[in-house]
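Following: one structure in structure tokens, then a few remarks.
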């Protein structure tokens, strides 16, 4: 059962900045305006670069605080603010999402989901949101993907990504590619099997799910011990939002360590743990990989978005 959430709009008429909210299109995500930050790393290549030039090495030392805001959460914040034409969306620990006026810090609305009563989040972190159309996409800790109306803060739909009772939880920011909401699940340290999944941005329907630990007979399964059901708890969680190359239609995501923790218990390279993996964004098919740490026993997860660069051999 997916628990109900609460949305708290600011009393009174809808603020003008929300009435004038500009829908986020696929074209805007590929070429964002200079003053907007529409996704986790701003652009699909993951550079995290802003072309704005008002703040320079010459004046940065003179910057002064303009406003501050207490989110009500005591855990560490790891989410970059996402901004669309002056509306700032801030995800916090504790399954909370805030819409603020970026210029003033004024609260526009607050969205809050309760944790299931039988769940204690291992990492109650949220690393951000995705934007598309007039919705904000939020990965709730209990392995639920939520679409929220950007103007009102009300929940449009909620889709179960997987079962938190199996050790799955969500901590990353969804990545939206051509109307598909992509996200991976955490939980490898709890015996979960990692995956990347895509959902329809309008309906929440699951479009595909690709596991990062292959089942027997699938490519990469030869790097695991033969026999048994190790693949059901092999780890390779996805902790951090991936990147995307529109020219090749490939999306790149890093994976975590294998399970169990100690490599001696799972002889072999253990694909696709501790790797960067290239998926076809339309189908989820794995098209390539690079493994940093075969048979990883040291929890050396890929914890940074894979950057995409043009180069010549």
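Residue numbers (the numbering used here): 102 to 414. All C-beta atoms, glycine included, are put in the ideal place defined by N, C-alpha and C.
One thing to note: residue 242 has its Cβ no nearer than 8 Å to the Cβ of residue 215. Nearest neighbour of residue 296 by Cα position, chosen from 148, 279, 263 and 237, turns out to be 263.
Per DSSP, residue 213 is not a residue of any alpha helix (DSSP H); the beta strand (DSSP E) it occupies stretches across 208-213.
Under the DSSP assignment, residue 131 falls in the alpha helix (DSSP H) whose first and last residues are 127-131. The beta carbon of residue 337 sits closer than 7 Å to those of 289, 295, 313, 314, 356, 357, 359, 373 and 374, all from its chain and outside the five residues before and after it, given in chain order. When 150, 240, 195 and 352 are compared, the shortest CA-CA separation from residue 175 is found for 195.
Under DSSP, residue 237 forms a beta bridge with 232 and 249. Straight-line spacing of the CA atoms in residue 248 and residue 236 works out to 6 Å. Assigned with DSSP and collapsed to three states, residue 224 falls in coil, not helix or strand. Within the DSSP bridge table, the entry for residue 381 names 351 as partners. By the Cβ criterion, the region 265-285 is in contact with the region 225-233, since at least three pairs of Cβ atoms, one from each stretch, lie closer than 8 Å. Assigned with DSSP and collapsed to three states, residue 197 falls in strand. When the beta-carbon positions are compared, residue 145 and residue 344 come within less than 8 Å of each other. Under the three-state reduction of DSSP output, residue 374 falls in the coil class, being neither helix nor strand.
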